[in-house]
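Chains as they are written, first to last, in the UniProt record's numbering: chain A, 1 to 228; chain B, 1 to 228.
All C-beta atoms in this analysis are idealised placements derived from N, C-alpha and C, irrespective of residue type, glycine included.
Fair warning: this is a prediction, and the values are worked out from it, not measured in the lab.
Protein chains: 2
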Amino acid sequence: MTVYKKEYRELQQIKLAVDCIIFGFNDNKLELLLIHRGFEPQMGKWSLIGGFVGENEDLDKAANRVLYKLSGLEDIYMEQVKAFGKADRDSSGQVVSITYSAMILKSEYNEEQVSKYNAKWFPIDELPELVFDHKDMVESAIRRLRRRVRNFPIAFNLLPAKFTLPQLQMLYEGILNEPIDKRNFRRKVLQMKYLIRLEEKDMSESRKGAYFYRFDKALYKLEQNFNL
Amino acid sequence: MTVYKKEYRELQQIKLAVDCIIFGFNDNKLELLLIHRGFEPQMGKWSLIGGFVGENEDLDKAANRVLYKLSGLEDIYMEQVKAFGKADRDSSGQVVSITYSAMILKSEYNEEQVSKYNAKWFPIDELPELVFDHKDMVESAIRRLRRRVRNFPIAFNLLPAKFTLPQLQMLYEGILNEPIDKRNFRRKVLQMKYLIRLEEKDMSESRKGAYFYRFDKALYKLEQNFNL
DNA sequence: ACAAAAGTGTTTATCATACACCCATGC
DNA sequence: GCATGGGTGTATGATAAACACTTTTGT
């Protein structure tokens, strides 16, 4: 924390921010929510959803507050990714930013807020030019996401409560950006007992129809081993 | 980064620090370098090696500067672990701290500096009471270390350039805190072609003597797959 | 009857694990 | 010759990867 008492007194000019990397899923592709920056510096470029940490505000709370302000979403699975702290990363001064990553179900997202804040979804392989080092932030978040989605049941945050296995597989293929063998995928998914098949079928995607499943959080909590 | 221009102007009272979690290895156990805190608050407890980030100083550079100041070591493998940002984590005010973790070879460590800074090595299962949330910091760094030591050749930072396989195995057993089968360990280690056996033997630990090996960084860079 | 997506098993290779004895040397 | 730590191989089970056909139903 600190070594010399005198350092404790020095006032830093460093500002502390959080940036939220919000993933959604659409058209079999991962998407990212960005905001059109309406002020200098770098006016006109696109930016992650971010803001400064408040006085006496927990870092995690700050990230959630910012996310809530700009999306209306609460209780979203959100994790710290990394601190970005190059002294010259923000041309307006020394700003250290901690990134947080969230995955949200787009259909629960309040579309009013999107336009209100000049926000827009972009497929992750068609991102516009981003301010400062936000491109690095996104890349590190995607790498982390691809690692974590194999070991934790976080992908279900991008799906409705009831979903089909083809949907789930397409989601994984979209996140990992690689094709997956259908039979192997289904076997692995169903071997873990966390997916409960419902009676109902989704008839909208095929004539045969695909069974709906739900993810049972309680069962997962018992074992907590997840691997895809 | 930022959403409202006005926020840009507000002066935060938040201070930004780095804390270094420095691991060494001794007597088949992981050790941690701590500093005796000689000032309030929490005078008398032990603390990680930390300090505030300087004006116009990169975060990584700040960590390295702090580490250098307190240990004399340069060019140490050091990685960002996590940001700690509970508003009340430091009783002297709002201080957000980014932790960095380094592993050093104790025999290269300047012993003069240790006493000069009231620093001391502690086995990780016999840590004294630490200030603030430093215990959480250490725990998260150890978890990360145990994860990474299996997938990256970072353990060699804790050994001299020439080392024996029994030494390496004891190091892994110490870090992971579990026994490892000798034959399986050696097979896996030698299957990756990064370890070069030297002619020389270490005769100090046994009558038969154990071959010295060295880790070939260049070979590792070619493939970069590592798994133990 | 055919198109379109859903669903289903087996084989093979690879990797992880468990396990016990001989070797080289100094005393 | 014996005590001490160093070094070696094999068999078994588990996991991952490749692969093709049948089912259902709306038109």
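query, result
"Nearest candidate by alpha-carbon position, reference I49(B), set A210(B), D216(B), E173(B), H134(B)", "H134(B)"
"Bounding residues of the beta strand (DSSP E) (the contiguous stretch that carries F25(B))", "15 to 26"
"Length of the line joining the Cα atoms of R214(A) and N151(A)", "18 Å"
"Beta-carbon contacts of A161(A) that lie in its chain and below 7 Å, excluding the five residues immediately before and after", "R214"
"Inter-residue Cα distance where the pair is E55(A) and A17(A)", "12 Å"
"Where K193(B) sits in the DSSP three-state scheme", "coil"
"Interface residues of chain B facing D58(A) [CB-CB closer than 8 Å]", "G85, K86, A87"
"Residue environment, L190(B), which counts as buried when at least 16 other CB atoms sit within 10 Å", "exposed"
"Endpoints, the beta strand (DSSP E) within which G51(B) is located", "49 to 52"
"Within-8 Å CB hit, E55(B) to chain A", "yes"
"Residue range of the unbroken beta strand (DSSP E) whose run includes I35(A)", "29 to 36"
"CA-to-CA distance, R186(A) to F163(A), given in whole angstroms", "14 Å"
"6 Å CB neighbourhood of N110(B) in its chain, flanking five on each side removed", "G72"
"Whole-angstrom C-beta distance between E31(B) and W121(B), which should lie under 8 Å", "4 Å"
"Length of the line joining the Cα atoms of S47(A) and G93(A)", "17 Å"
"Selection from A141(B), L158(B), D136(B), E205(B) that minimises the alpha carbon distance to P166(B)", "E205(B)"
"Nearest residue (CA-CA) to M103(B), options P41(B), K217(B), K15(B), L159(B)", "L159(B)"
"Bounding residues of the alpha helix (DSSP H) (the contiguous stretch that carries S115(B))", "111 to 116"
"Contacting positions in the segment 91 to 110 of chain B - beta carbon closer than 9 Å to chain A", "S92, G93, Q94, V95, V96, S97, I98"
"E178(B) classed as buried or exposed, judged by whether at least 16 other C-beta atoms fall within 10 angstroms", "exposed"
"Per-residue DSSP class, three states only, for F122(B)", "strand"
"Reduced DSSP category for A161(B) - H, G, I as helix; E, B as strand; rest coil", "coil"
"Residue 316(A) versus V96(B) - alpha carbon distance", "Coverage of chain A is limited to positions 1 through 228, which leaves residue 316(A) absent and any answer about it impossible."
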